[in-house]
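For the sequence shown, our numbering gives the first residue as 6, with consecutive numbering after it.
The structure appears right after this line, and notes come after that.
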Amino acid sequence: MEKVQLDLTRVSQWTPSCNIAPTDTALMVYMTEPTKDITQNYVIEPLKFGLVPSWAKPVDSTPVNKGKQNEGEKFSRELGKHESKYFNCRRESLAQHRAVWSSCKKHRCVIPIQGYFEWLKTKNAKVPYFIHSKTTPLIFLAGLYSHNYNYKENFNVNNEYLSSFTVITAPAEKSDKYDLSWLHTRKTLIIEPGSKAWFRWLDPTTDWDDSLIEEVLNSKTNEAYANIEGYQVSNDVGNPSNKSEDVLKKVNGKKNTSVSDFFKKELGVKKEQKGSQPEGVHIASNIKREPTKTAKEPEIKIENDAAPSKRTKQGRDDNPKKVKTEAR
């Protein structure tokens with residue numbers, strides 16, 4: 006009998022959000038090598054939305070200026086530049102073996118989200134849509150993560166390292182089996198839980214091979230898109246400070262959304278007992294670490310050049326033209 010373990014010990018003081026933008030904090034899932042009697046060991050970890058390469062070193066300690074009485078942390082401006090530049094990674098870039106992406110190709114993860122926001126461009130405006138699954142509470146975005154041990158004043162995981170991630174995007178074309186090109190020319194890569202692609206992507210013993218690009222990061226016939234749909238939401242989502250569930254409501258209609266404990270109910274995962282654990286993994290960028298409450302649904306925002314401008318409840322591309330909070 007297979008035993009699956011979910012390690013939540015790295016998650017603390019988690020604050021749910023329904024509107025996660027680049028440079029915000031989200032949650033990821035990755036696998037570590039199994040220990041005795043454990044077949045699969047999943048780790049949930051908080052991390053910054055926007056990759057800070059593992060080799061990046063602190064140079065400029067200037068903080069983000071939030072006002073005389075509310076300055077950001079040291080190096081926060083420098084880190085913000087990294088994060089806003091690398092919140093999306095184009096699938097095409099992985100085949101070019103660029104240094105920033107090659108440094109984290111072995112560090113593969115998925116980002117559990119309830120959905121993401123994408124902006125449909127019209128002649129006169131950009132109209133926000135919420136993209137989600139009609140049949141499952143969570144979808145999982147393919148991502149790469151980095152553990153940086155150099156920014157000691159900015160460590161966000163057990164005072165040990167700064168954790169950050171990027172979401173992988175691919176072209177959205179009319180010829181795709183499940184067409185999303187009506188919304189944007191690019192789309193985030195989704196991986197179906199329990200699939201062959203899922204285990205190949207997350208297997209910590211599998212080194213990077215370019216065959217992963219076509220076999221796992223498949224945007225043409227990927228069944229993970231089968232039940233994906235979108236509906237229009239309020240322009241209020243364009244303000245990253247609006248993080249309540251109100252940003253998920255349909256324009257001229259109500260939204261009925263609930264998020265169940267994915268790992269508990271679908272995978273039957275065994276939680277690692279250490280401190281209080283969240284009762285469920287809710288989507289969109291937040292899992293809440295509370296003994297009596299489940300997490301609210303979080304979201305991510307992203308906007309990239311040539312990539313869909315999405316915000317996911319947990320999800321930009323390299324060399325973006327615009328750094329906003331919209332996922333692509």
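For every residue, glycine included, the Cβ atom is placed at its ideal position computed from N, Cα and C.
query, result
"Helix, strand or coil at glutamine 10 according to DSSP, with G and I counted as helix", "strand"
"Range of the contiguous beta strand (DSSP E) that encloses phenylalanine 145", "144–153"
"Alpha-carbon to alpha-carbon, asparagine 163 and serine 17", "9 Å"
"CA-to-CA distance, threonine 174 to serine 168, given in whole angstroms", "20 Å"
"Proximal residues to isoleucine 344 (C-beta, below 8 Å), its chain only, five neighbours per side dropped", "Coverage of the chain is limited to positions 6 through 333, which leaves residue 344 absent and any answer about it impossible."
"Boundaries (first-last residue) of the alpha helix (DSSP H) holding glycine 85", "81–90"
"Element boundaries [beta strand (DSSP E), containing phenylalanine 204]", "Looking at the DSSP string, phenylalanine 204 is not in any beta strand (DSSP E); the run it does join, the alpha helix (DSSP H), is 201–207."
"Helix, strand or coil at leucine 125 according to DSSP, with G and I counted as helix", "strand"
"Separation of cysteine 94 from glutamate 308, as counted between CA atoms", "A caution first: glutamate 308 carries a pLDDT of 35, below 50, which makes its placement in the model too unreliable to give a value."
"Three or more C-beta pairs below 8 Å linking the stretch 207–220 and the stretch 94–110", "yes"
"Residue nearest to lysine 8 in terms of C-alpha spacing, selected from Asn247, Leu188, Lys41", "Lys41"
"Member of Lys179, Pro58, Thr14 whose CA lies at the smallest distance from the CA of lysine 86", "Pro58"
"Buried or exposed (CB count within 10 angstroms, at least 16 for buried), histidine 102", "exposed"
"Other residues of its chain near glutamate 76: CB distance less than 6 Å, five sequence neighbours each side excluded", "Pro68"
"With 16 other Cβ atoms within 10 Å as the buried cut-off, status of valine 256", "exposed"
"Segments of 3+ residues assigned as beta strand (DSSP E) that fall wholly inside the stretch 209–259", "233–237"
"Status (buried if at least 16 other CB within 10 Å, exposed otherwise) for alanine 229", "buried"
"Span separating the alpha-carbon of proline 340 from that of lysine 90", "The displayed coordinates of the chain run from 6 to 333. Any statement about residue 340 would go beyond what the structure contains."
"8 Å Cβ cutoff met for glutamate 64 and glutamate 83", "The residue you asked about is not glutamate; residue 64 is valine in the sequence shown. Yes, Cβ-Cβ distance for valine 64 and glutamate 83 is below 8 Å."
"Rounded Cβ spacing between proline 117 and valine 34 (contact assumed at less than 8 Å)", "6 Å"
"Cross-strand partners of tyrosine 134 (DSSP beta bridge)", "Glu123, Gln237"
"Under the three-state DSSP convention, the category alanine 31 falls into", "strand"
"From Val132, Asn153, Thr226, residue whose alpha carbon lies closest to that of valine 242", "Val132"
"Reduced DSSP category for arginine 95 - H, G, I as helix; E, B as strand; rest coil", "strand"
"Residue closest to tyrosine 166, alpha-carbon to alpha-carbon, out of Pro51, Trp106, Asn227, Lys192", "Pro51"
"Top-ranked residue by Cα proximity to tyrosine 156, from Asn24, Lys79, Ala26", "Lys79"
"Proximity to tyrosine 236 [Cα-Cα], best of Lys248, Asn244, Glu97, Val252", "Val252"
"Beta-bridge partners of asparagine 46, as assigned by DSSP", "Gln10, Thr37"
"Alanine 104, enclosing alpha helix (DSSP H) - first and last residue", "104–107"
"Burial state of alanine 231, where buried means 16 or more other Cβ atoms lie within 10 Å", "exposed"
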